[in-house]
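Going by this note's numbering, the letters in the sequence shown line up with residues 9 to 405, in that order. Yeah, the Cβ is synthetic: ideal placement off N, Cα and C, and Gly gets one too.
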Amino acid sequence: MILKVERLTVKLGSSEILKDLTMEAKKGDFIALLGPNGSGKSTLLRTIFGIIKPLKGVVFFDGREEEKGYLPQETADTNLRVIDVVLLGRTPYMGRIKNPKERDFKIAMKAMKSVGIEELAQRRFSELSGGEKQKVLLARLFAQEPKILLLDEPTAHLDISAQLEIMGIIKELSADRIAIVALHDINLALSFANRILMIKDGKIAYAGNPREVITEESIREVYGVEVSVKRHGQIYVIPKIRSIKNGRRVHVICGGGSGKELIHLLNTWGFSISAGVLNALDSDWEVVSEIGGEIVDAPPFSQISEEAHMRNLEAIKNSDAVVLADLSIGRGNLRNLIAAKFAAEFGKLIVVDKTPFERRNFVGEEAEKLYSEIVRGAIVVKSEEDVLNALRKLLSR
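The structure is reproduced here in structure tokens:
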């Protein structure tokens with residue numbers, strides 16, 4: 009089962025939307041089409057389906073025309089019952105009279121069961137939630153029994169729970185088909201697709217395995233934005249939010265959300281920020297990633313290794329000031345206290361001491377002794393808002 013698109017050129021009005029585009033897909037492919045608005049994603053889907061006739065080029069499926077199912081980006085509301093909406097997918101098989109037969113009802117019910125909506129059969133489509141409506145439209149698509157699924161933004165306007173559910177259904181039911189899905193959400197594509205096509209100005213800019221295709225460079229070229237691409241098992245793309253910097257770097261020792269407010273304040277005040285050691289996907293890790301800061305990180309749920317600890321000390325050396333957030337200390341992150349002591353010895357440490365340390369100490373006497381040594385050599389403040397004045401004092405020395 010192979011779909012081939014060869015040298016496709018599509019012109020709409022005076023604009024050339026697709027330009028000599030070539031691609032190939034095989035059974036089991038879940039292909040995510042990524043690219044900015046106007047790049048040609050929807051036009052490619054409509055051309056493969058046959059709604060748009062190309063100026064040049066051809067679309068082959070195993071060398072012949074084949075049944076394809078298309079889910080457009082927007083679908084009109086209707087007061088039809090759900091079963092009747094799904095049966096519309098059987099229209100090509102009903103002959104001239106268009107009366108559904110028993111087999112059509114069985115296939116429609118099977119399609120509804122496959123997406124978990126058989127109990128909605130007699131409900132009115134217009135009464136359903138956004139996620140339920142999208143499941144009905146998927147069932148209608150599957151009722152066509154197509155070998156190629158073409159879906160244009162199937163998760164648009166849905167909450168995150170419904171998005172994941174819809175994408176999971178598409179993934180599961182496309183295993184013995186070809187699925188080509190236009191998406192705006194890169195992270196959603198990375199969670200489900202086994203191939204990525206990045207389209208820019210009507211041409212395929214990048215194609216292949218998600219790990220190879222999704223890079224900071226490719227996203228910069230296709231979308232014109234700066235992001236961080238993190239790879240810890242799953243790939244994550246996080247936009248960088250830039251602010252005007254004052255030329256000073258602050259390293260934050262934090263974790264578990266203890267640095268969230270502080271990091272945002274430091275960014276607003278114009279400081280360049282680094283942080284660590286943070287476990288990947290920790291809430292503070294995500295905040296630093298969002299603002300484009302540098303992170304000394306470790307795999308999720310792991311203890312701080314010697315290698316990560318040494319990188320943290322190097323980041324401290326390269327900073328103008330270090331802030332120890334009001335974080336809890338366990339065996340896994342005890343080395344962050346050792347790093348804070350290292351910063352105090354350099355005379356560049358500020359400690360945010362909002363919560364009594366005994367309530368944050370899950371190690372015992374060893375951590376208590378370290379913390380006492382740390383605060384003796386640091387500027388101690390009681391809130392994140394007080395850090396700015398402490399920084400002014402420290403940096404003016």
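Between the C-alpha atoms of residue i and residue j, what's the straight-line distance to the nearest angstrom?
{"i": "Phe350", "j": "Asn341", "result": "15 Å"}
{"i": "Thr363", "j": "Asp305", "result": "25 Å"}
{"i": "Arg367", "j": "Asp361", "result": "11 Å"}
{"i": "Pro307", "j": "Val371", "result": "21 Å"}
{"i": "Ala3", "j": "Met31", "result": "With the chain covering only 9 through 405, there is no way to say anything about residue 3."}
{"i": "Ile98", "j": "Pro108", "result": "One detail in the question is off: residue 98 reads as Arg in this sequence, not Ile. Cα to Cα, Arg98 sits roughly 8 Å from Pro108."}
{"i": "Ile194", "j": "Glu314", "result": "34 Å"}
{"i": "Pro247", "j": "Ser22", "result": "35 Å"}
{"i": "Leu52", "j": "Arg132", "result": "32 Å"}
{"i": "Gly355", "j": "Glu302", "result": "22 Å"}
{"i": "Leu196", "j": "Arg239", "result": "15 Å"}
{"i": "Leu166", "j": "Gly138", "result": "6 Å"}
{"i": "Ser236", "j": "Lys114", "result": "48 Å"}
{"i": "Lys19", "j": "Glu153", "result": "31 Å"}
{"i": "Glu180", "j": "Lys27", "result": "33 Å"}
{"i": "Glu225", "j": "Thr17", "result": "27 Å"}
{"i": "Ala398", "j": "Val389", "result": "8 Å"}
{"i": "Arg384", "j": "Arg228", "result": "46 Å"}
{"i": "Phe365", "j": "Glu376", "result": "8 Å"}
{"i": "Tyr101", "j": "Ile10", "result": "24 Å"}
{"i": "Glu135", "j": "Ser169", "result": "20 Å"}
{"i": "Met206", "j": "Arg111", "result": "40 Å"}
{"i": "Glu234", "j": "Glu140", "result": "35 Å"}
Residues in its own chain within less than 7 Å of residue i by CB, not counting five upstream and five downstream?
{"i": "Val94", "result": "Ala116, Ala119, Met120, Val144, Ala147, Arg148, Ala151"}
{"i": "Phe309", "result": "Asn287"}
{"i": "Trp277", "result": "Leu396"}
{"i": "Leu96", "result": "Arg148"}
{"i": "Asp70", "result": "Met9, Ile10"}
Please work out which residues of its chain come closer than 8 Å, Cβ to Cβ, to residue i, disregarding the five sequence neighbours upstream and downstream, and give them in chain order.
{"i": "Gly216", "result": "Arg203, Ile204"}
{"i": "Leu270", "result": "Val260, Cys262, Val331, Ala333, Val360, Glu392, Val395"}
{"i": "Glu126", "result": "Met117, Met120"}
{"i": "Lys401", "result": "Ile387"}
{"i": "Val295", "result": "Gly267, Lys268, Ile271, His272"}
{"i": "Leu321", "result": "Ala347, Phe350"}
{"i": "Gly264", "result": "Asp290, Ser291, Asp292, Leu335, Ser336"}
For residue i versus residue j, is the C-beta distance shorter than 8 Å?
{"i": "Cys262", "j": "Ala288", "result": "no"}
{"i": "Ile346", "j": "Ile387", "result": "no"}
{"i": "Leu403", "j": "Ala348", "result": "no"}
{"i": "Ile243", "j": "Val285", "result": "no"}
{"i": "Gly43", "j": "Val230", "result": "yes"}
{"i": "Leu41", "j": "Lys34", "result": "no"}
{"i": "Ile212", "j": "Leu29", "result": "yes"}
{"i": "Lys208", "j": "Ser47", "result": "yes"}
{"i": "Gly58", "j": "Arg15", "result": "no"}
{"i": "Asn369", "j": "Ile324", "result": "no"}
{"i": "Ile174", "j": "Gln142", "result": "yes"}
{"i": "Val221", "j": "Ile177", "result": "no"}
{"i": "Ile25", "j": "Gly210", "result": "yes"}
How far does the beta strand (DSSP E) with residue i in it extend, from its first residue to its last?
{"i": "Gly65", "result": "64 to 69"}
{"i": "Ser282", "result": "280 to 287"}
{"i": "Gly216", "result": "211 to 216"}
{"i": "Asp420", "result": "The displayed coordinates of the chain run from 9 to 405. Any statement about residue 420 would go beyond what the structure contains."}
{"i": "His272", "result": "Segment 268 to 276 is the alpha helix (DSSP H) holding His272; no beta strand (DSSP E) there."}
{"i": "Gly77", "result": "76 to 79"}
{"i": "Arg89", "result": "It is not in any beta strand (DSSP E) - Arg89 carries neither H nor E in the DSSP assignment."}
{"i": "Thr17", "result": "10 to 20"}
{"i": "Asp160", "result": "156 to 160"}
{"i": "Val8", "result": "Because the chain in this structure spans residues 9 to 405, residue 8 falls outside the shown range and cannot be described."}
Going by DSSP, what residue range makes up the alpha helix (DSSP H) through residue i?
{"i": "Ile178", "result": "168 to 181"}
{"i": "Met102", "result": "Per DSSP, Met102 belongs to no alpha helix (DSSP H) and is neither H nor E."}
{"i": "Leu321", "result": "314 to 325"}
{"i": "Leu205", "result": "Run containing Leu205: none in the alpha helix (DSSP H); it sits in the beta strand (DSSP E), 203 to 208."}
{"i": "Arg343", "result": "342 to 353"}
{"i": "Phe113", "result": "110 to 122"}
{"i": "Phe150", "result": "138 to 151"}
{"i": "Glu376", "result": "373 to 384"}
Which same chain residues end up closer than 6 Å to residue i when comparing Cβ atoms and leaving out the 5 residues on each side of it in sequence?
{"i": "Val67", "result": "Val13, Ile56"}
{"i": "Leu198", "result": "Pro218, Ile243"}
{"i": "Gly232", "result": "none"}
{"i": "Gly267", "result": "Val260, Asp292, Ala333"}
{"i": "Leu157", "result": "Gly77, Ser182, Arg185, Ala187"}
{"i": "Arg257", "result": "Ser280, Ser327, Asp328"}
{"i": "Leu191", "result": "Ala40, Ala197"}
{"i": "Leu128", "result": "Val90"}
{"i": "His317", "result": "Arg343"}
{"i": "Arg54", "result": "Ile60"}
Would residue i count as contacting chain D if we go by Cβ distances under 8 Å?
{"i": "Val90", "result": "In the structure shown, chain D does not exist; there is a single protein chain."}
Can you tell me whether residue i sits near the ligand FMN, meaning its C-beta is under 7 Å from at least one heavy atom of the ligand?
{"i": "Ala119", "result": "Inclusion of the ligand FMN in the displayed structure is not the case, the ligand content being empty and no account of it being possible."}
For the stretch 153 to 163 and the stretch 79 to 87, state whether three or more C-beta atom pairs, one from each stretch, are separated by less than 8 Å. yes
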